[in-house]
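A short write-up of the structure that comes next.
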Amino acid sequence: PPYERGTPVAVRAPNNARGSQGGGGGGGGSDNVQMRKLLNNNKNSEFCAPLTSFDWNETDPSIIGTSSIDTTCTIWNVETGQAKTQLIAHDKEVYDIAFACGTEVFASVGADGSVRLFDLRSLEHSTIIYESNPPPDAAPLLRLAWNKQDTNYLATLVMDSCSVVILDIRIPSIPVASLQGHEQSVNAIAWAPHSHCHICSAGDDSQALIWDLQALPRPIEDPILAYKAGAEVNQLQWSSSQPDWVAIGFASTMQILRV
Numbered sequence: 004p005p006y007e008r009g010t011p012v013a014v015r016a017p018n019n020a021r022g023s024q025g026g027g028g029g030g031g032g033s034d035n036v037q038m039r040k041l042l043n044n045n046k047n048s049e050f051c052a053p054l055t056s057f058d059w060n061e062t063d064p065s066i067i068g069t070s071s072i073d074t075t076c077t078i079w080n081v082e083t084g085q086a087k088t089q090l091i092a093h094d095k096e097v098y099d100i101a102f103a104c105g106t107e108v109f110a111s112v113g114a115d116g117s118v119r120l121f122d123l124r125s126l127e128h129s130t131i132i133y134e135s136n137p138p139p140d141a142a143p144l145l146r147l148a149w150n151k152q153d154t155n156y157l158a159t160l161v162m163d164s165c166s167v168v169i170l171d172i173r174i175p176s177i178p179v180a181s182l183q184g185h186e187q188s189v190n191a192i193a194w195a196p197h198s199h200c201h202i203c204s205a206g207d208d209s210q211a212l213i214w215d216l217q218a219l220p221r222p223i224e225d226p227i228l229a230y231k232a233g234a235e236v237n238q239l240q241w242s243s244s245q246p247d248w249v250a251i252g253f254a255s256t257m258q259i260l261r262v
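Mapping of the sequence shown onto the working numbering: position 197 corresponds to residue 200, and the numbering continues sequentially without gaps.
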C-alpha cells in the first residue's frame, strides 16, 4: 500500500551503559541514580503483589496510579510515599491503568476482559464501559490509552488480537472503531499528544502504524503512515514535547521515527 515511512534514528545502549557517566559529568552513573521513595501499602511485609503497570498524573505530578495482579489499583502520593486509596478494581488481574486529564478520573483494564472507569470523588461504584466478550468467555485486555485531547475516547488491546479497539465513553459497550491493519498481535498504542484524532499502534508484525480517526463514526479502513521495524515492536511512545517524533522499541534497539 502507498503508505509513507518514518525516518528512523536508532539508539542502542552500549554494553557498559550501566557504568557510564551520568549527565552533567563527574562520577559513575550508578552513583547518580538514587531511590527516593519506596511505595508499599503492605504494612506487614516489605513485599507486595507484583505490579503490572503505572501511570503518572500529568495534571498533578505528585499522584501516581499502579495496577497489580491482586485485582487492585492504588493511587499514591509520591511526595508523602503514602497510598491515597486502594480499591479492588477488577475480578481478576489488572494489567493497565491510565489517568484522564485532571486528577480525579482514571480507567483500568484486566484479565476479566473489561474496561472500568473510576472517579476518586465517588469510589462506591465504577462504570464498566466495555467488555471484550460476555463472561466467562471474555478475553483479557492488556493495554489502555486515553486520548488526552478528547477524554471521551479510549483505546485498548485484546490479548493476541491484531486490532485496536477504540471506545467512546459516552457510548458504553460498543466500540466506535476497530483498527485492523496489523497482521499479528498488537503490543502497544499511543495517542498523538497534539491531535485528538491520531493514534499509533505497533505489534508483533514489526509494524508501527499511524491512524487518522477524523472520519469517525465511518469505518477506518487503512493507516495513513506505516513503518517496518527490524523485529517485533514491544513498546512505543509519542513525545509530548516533540510531537513530530515517535519512539519504538524492538529487540535491543530503540528507534525514533519522524512522522
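Heads up, the beta-carbon is just placed ideally off N, CA and C, and yes, glycines get one too. Source: prediction; values computed, not measured.
Contact belief for residue i with residue j at Cβ below 8 Å, rounded distance in angstroms
| i | j | result |
| --- | --- | --- |
| ILE72 | PRO53 | 5 Å |
| ASP58 | ALA101 | 5 Å |
| GLN152 | ALA191 | Going by Cβ atoms, the distance from GLN152 to ALA191 rounds to 19 Å, so no, they are not a contact pair. |
| VAL167 | LEU144 | Rounded, the Cβ-Cβ distance is 11 Å, inconsistent with contact. |
Euclidean distance between Cα positions of residue i and residue j
| i | j | result |
| --- | --- | --- |
| LEU212 | LYS95 | 31 Å |
| THR256 | ILE132 | 36 Å |
| GLN240 | LEU260 | 10 Å |
| TYR230 | PHE253 | 13 Å |
| SER111 | GLY233 | 31 Å |
| SER244 | ILE174 | 31 Å |
| GLN85 | ASN60 | 16 Å |
| ASN80 | GLU224 | 43 Å |
| ALA158 | MET38 | 33 Å |
| VAL236 | GLN210 | 7 Å |
| VAL97 | THR55 | 7 Å |
| SER135 | ASN43 | 32 Å |
| GLN217 | ILE169 | 13 Å |
| SER129 | SER70 | 16 Å |
| LEU147 | ALA193 | 9 Å |
| VAL249 | CYS203 | 9 Å |
| VAL108 | VAL262 | 31 Å |
| THR88 | SER242 | 30 Å |
| LEU219 | ASP122 | 27 Å |
| ALA205 | SER176 | 24 Å |
| HIS201 | ALA195 | 5 Å |
| CYS165 | ILE251 | 18 Å |
Buried or exposed by the 16-neighbour rule on C-beta atoms within 10 Å, applied to residue i
| i | result |
| --- | --- |
| LEU41 | exposed |
| TRP214 | buried |
| ASN45 | exposed |
| VAL36 | exposed |
| ARG221 | exposed |
| HIS93 | buried |
| PRO64 | exposed |
| ASP115 | buried |
| HIS197 | exposed |
| ARG119 | buried |
| ASP247 | exposed |
| LEU126 | exposed |
| PHE50 | exposed |
| ASP99 | buried |
| SER48 | exposed |
| ASP163 | exposed |
| THR75 | buried |
| SER117 | buried |
| THR77 | buried |
| ILE91 | exposed |
| GLY29 | Bear in mind that a pLDDT of 47 at GLY29, under 50, signals an unreliable position, so the model cannot answer this. |
Reduced DSSP category for residue i - H, G, I as helix; E, B as strand; rest coil
| i | result |
| --- | --- |
| ASN237 | strand |
| ASN190 | strand |
| ASN35 | helix |
| ASP99 | strand |
| LYS58 | The sequence as given places Asp at residue 58; Lys does not occur at that position. The answer is strand: DSSP assigns ASP58 an E or B state. |
| GLY68 | strand |
| PHE50 | coil |
| SER125 | coil |
| PRO246 | coil |
Problem set entry | contact_flag[the stretch 183-197, the stretch 125-143] where n(CB pairs < 8 Å) is 3 or more | Taking a cut-off of 8 Å for Cβ pairs, the stretch 183-197 and the stretch 125-143 do not touch, as fewer than three such pairs fall below it.
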